[in-house]
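Numbering (the UniProt record's numbering), first residue to last: 1 to 423.
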């Protein structure tokens, strides 16, 4: 005989210990997060990151000053805001021992500071135009006086100049200030004063070099190609209606009649007359000077970029007026100005015709609406008259209408004149 037995219970004090889970927590963020810089090779030990006033905005900006390599500006390269990315900074694999903990860092904002060369001429401009901004006059001063003005706004520059025993950095500034200033020797040292014509020559040289190397695709598309797009105007009149059609300016057009050719652009007028449609089109056809026009516009675009990025605002008006003078700039922008004026005239004509077409279309639609309303009112009035007529009819007339009267004479036929009988 088998009996059920229970397993012997253990002692009361022996219970299984609960398992504890350990959660690792991240360290708090560092207030001053490190930044990633890409610097040029072979920098001098005396190279320093200094703060100087930005030539265009006069706000303090960071620059890299090296006695042997010159001056560099920092360009921030940022990731797209839509892309959530971060960078992990860690030592190279294999440099750490097995029992050694690595010291990595995660950058929440993956920004990169790239050091690119900058002409010391632009860094000297705030000091060179200081007198003109304050008193409206310029004076001949030595290079040390101009550098002292920069040192007042940036004490770091003084440390770099003092640590440089060979005065290489000062000689770099001296070689560049001669390119944009008129000089005068007072017997002890050379004195300098800003020359707008020399500064214009330096800017144009840089602008032409930018064009030779090629402008960025976005800049060339927005400021050159789109600016030279010529509108094609087409006025079509069909049954007293006018419509304006903008065609592709790069499309090939047929020329009939006489074509007038100028130095800047060539325009063709094409007219076809029929009994139903009259079409007139004015277009700007490609000419042999298109490449020259584009080249001049690229130079002006690069010059404007340099002007707004590296030149104080107080010099913009004078330099812009000087570049338009061929005797001052050495480059004749007259063909470009004439061509741009012609395109502006065509755009105004297109806008006028477009407005005219819109007005006629709105007027025509208003007339159509009025005609439709008149027809609807006449139909409604006729229906009301018929209903009123039916209500005023007697019962006998209503009953008579239901009778088939085909072949029956009307009552008025009995009271007419008798027809003459033939003899």
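Even for Gly, the Cβ is constructed at its ideal location relative to N, Cα and C.
- Annotated three-state conformation of residue 70 is strand, per DSSP.
- Ranked by Cα distance from residue 214, the first of 341, 122 and 298 is 298.
- Secondary structure note for residue 228: it is in no alpha helix (DSSP H), with a DSSP letter that is neither H nor E.
- Residue 50 carries a strand assignment under DSSP once its states are collapsed to helix, strand and coil.
- Between residue 160 and residue 144, the alpha-carbon positions lie close to 14 Å from each other.
- Beta-bridge partners assigned by DSSP to residue 127: none are found.
- Residue environment: residue 66 is assigned as buried (16 or more neighbouring CB atoms within 10 Å of its CB, all protein chains considered).
- In the three-state reduction of the DSSP assignment, residue 110 falls in the coil class, being assigned neither a helical nor a strand state.
- With three or more CB-CB distances shorter than 8 Å, the stretch 317-332 counts as touching the stretch 197-214.
- Residue 116 has 73 as its beta-bridge partners, per DSSP.
- Taking a C-beta distance under 8 Å as the contact criterion, residue 60 and residue 126 do not qualify as a contact pair.
- Our two residues, residue 91 and residue 180, have alpha carbons roughly 47 Å apart in a direct line.
- In the DSSP assignment, residue 310 falls within the alpha helix (DSSP H) that extends over 290-310.
- Taking C-beta atoms as the reference points, residue 86 and residue 108 count as a pair closer than 8 Å.
- Fully enclosed beta strand (DSSP E) runs of no fewer than 3 residues are not present anywhere in the stretch 195-222.
- Non-local beta-carbon contacts of residue 116 in its own chain, meaning distances under 7 Å to residues more than five positions away in sequence, involve 72, 73 and 75 in chain order.
- Of the residues 207, 42 and 314, the one whose Cα lies closest to the Cα of residue 135 is 314.
- The three-state secondary structure of residue 142, taken from DSSP, is strand.
- Going by C-alpha positions, residue 305 is about 20 Å away from residue 334.
- Per DSSP, the continuous beta strand (DSSP E) segment holding residue 37 begins and ends at 36-38.
- Counting of Cβ neighbours within 10 angstroms places residue 388 among the exposed residues, the total staying below 16.
- Straight across, the Cα-Cα distance linking residue 62 with residue 330 is about 35 Å.
- Boundaries of the alpha helix (DSSP H) around residue 318: 316-323.
- When rounded, the separation of the alpha-carbon atoms in residue 36 and residue 226 is 38 Å.
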